[in-house]
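Residues in the sequence shown are numbered consecutively from 26, following the numbering used here.
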Amino acid sequence: RNLGVENAGGDILAFIDADCLADPRWLAAIERRFAQDPALNILGGDVRIAMDDAARPTLLEAYESVFAYRMKEYIAKQGFTGTGNLAVRASVFAKVGPFGGIHIAEDRDWGQRALAMGYRTHYCPEMIVFHPARKTMAELKQKWDRHTAHDFEKAQGRPLWRLRWILRGLAVGVSPVAEVVRIGFSDRLSGFRSRALAFLGAVYIRVYRAWLMLSLAMGVDAARLSARWNRT
26 RNLGVENAGG DILAFIDADC LADPRWLAAI ERRFAQDPAL NILGGDVRIA MDDAARPTLL
86 EAYESVFAYR MKEYIAKQGF TGTGNLAVRA SVFAKVGPFG GIHIAEDRDW GQRALAMGYR
146 THYCPEMIVF HPARKTMAEL KQKWDRHTAH DFEKAQGRPL WRLRWILRGL AVGVSPVAEV
206 VRIGFSDRLS GFRSRALAFL GAVYIRVYRA WLMLSLAMGV DAARLSARWN RT
């Protein structure tokens with residue numbers, strides 16, 4: 026991404042992941058929003074799951090349709106959007122600086138650095154990108170290995186951090202019960218089968234995350250978990 030920025034000549038930078046498919050109107054939506062409001066500096070869009078058969082999604086397609094790439098929520102609650110669907114004025118990117126690299130969650134890091142400098146990310150629902158679902162649970166678990174390790178490293182050193190971390194892990198383990206309403210009313214799925222699959226996926230991955238968090242609290246090496254994702 027940083028190499029792309031170095032070689033870009035326009036005043037707007039648009040980022041997408043290598044395995045994503047942009048909606049035909051993606052770039053037009055970006056240009057239109059920036060033209061309509063000169064005060065806008067950073068945009069994040071809607072990331073949807075590209076399914077092989079929308080009528081019969083796999084468990085991972087159903088689960089990720091509801092729970093993955095919730096950019097509107099990330100923007101509202103954490104001030105960042107994913108780099109798989111991000112647009113920013115080149116002048117603002119130059120002030121915030123380059124992405125931090127593969128050893129951190131680069132999208133969250135960059136977005137929150139921008140926010141700390143006073144640049145807000147705005148959600149643009151017309152800015153649509155389709156992302157393939159992960160093919161195996163191992164791939165999804167690998168993602169959570171990395172994110173959980175990063176969060177664990179941040180949590181350390183705060184007052185009562187270990188107790189708070191353990192309580193948070195236990196809460197994650199029982200959280201699928203609270204997701205029934207979200208799954209039931211999601212406009213990304215249709216039919217009982219797909220919603221049941223999404224719930225099963227939520228149970229599996231939340232229990233895994235809870236186990237992972239408790240393992241870290243008991244001494245598992247966070248750096249080793251994070252390094253599993255990095256390709257050599």
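Note that beta-carbon positions come from the ideal geometry of N, C-alpha and C, so glycine has one too.
Note that the structure is a prediction, hence the values are computed from the model and not measured.
- The continuous alpha helix (DSSP H) containing V121 extends over residues 115–121.
- Its chain contains G69, T106, T146, Y148 as the residues whose beta carbon lies nearer than 6 Å to that of I100, once the 5 sequence neighbours on both sides are disregarded; these appear in chain order.
- According to the DSSP assignment, H147 belongs to the beta strand (DSSP E) that extends over 146–157.
- Contact annotation: the region 236–244 touches the region 181–194, with at least three C-beta pairs closer than 8 Å.
- Around the beta-carbon of A54, 16 or more other beta-carbon atoms lie within 10 Å, marking it buried.
- I67 sits in a strand when the DSSP states are folded into three classes.
- When the alpha-carbon of V205 is set against those of A141, G194, F217, the nearest one is in F217.
- Under DSSP, I41 forms a beta bridge with N110.
- Uninterrupted alpha helix (DSSP H) stretches at least 4 residues long and entirely within the region 177–244 occur at 186–199, 205–210, 217–242, given in chain order.
- Taking the C-beta atoms as reference points, V30 is found no nearer than 8 Å to V154.
- For R95, the secondary structure class from DSSP, reduced to helix, strand or coil, is coil.
- Under DSSP, I74 takes part in a beta bridge, and its partners are H156.
- R114 and D42 have their C-alpha atoms roughly 18 Å apart.
- Excluding the 5 residues flanking it on each side, G122 has no same chain C-beta neighbour closer than 6 Å.
- Straight-line measurement puts the Cα of R234 at about 8 Å from the Cα of T173.
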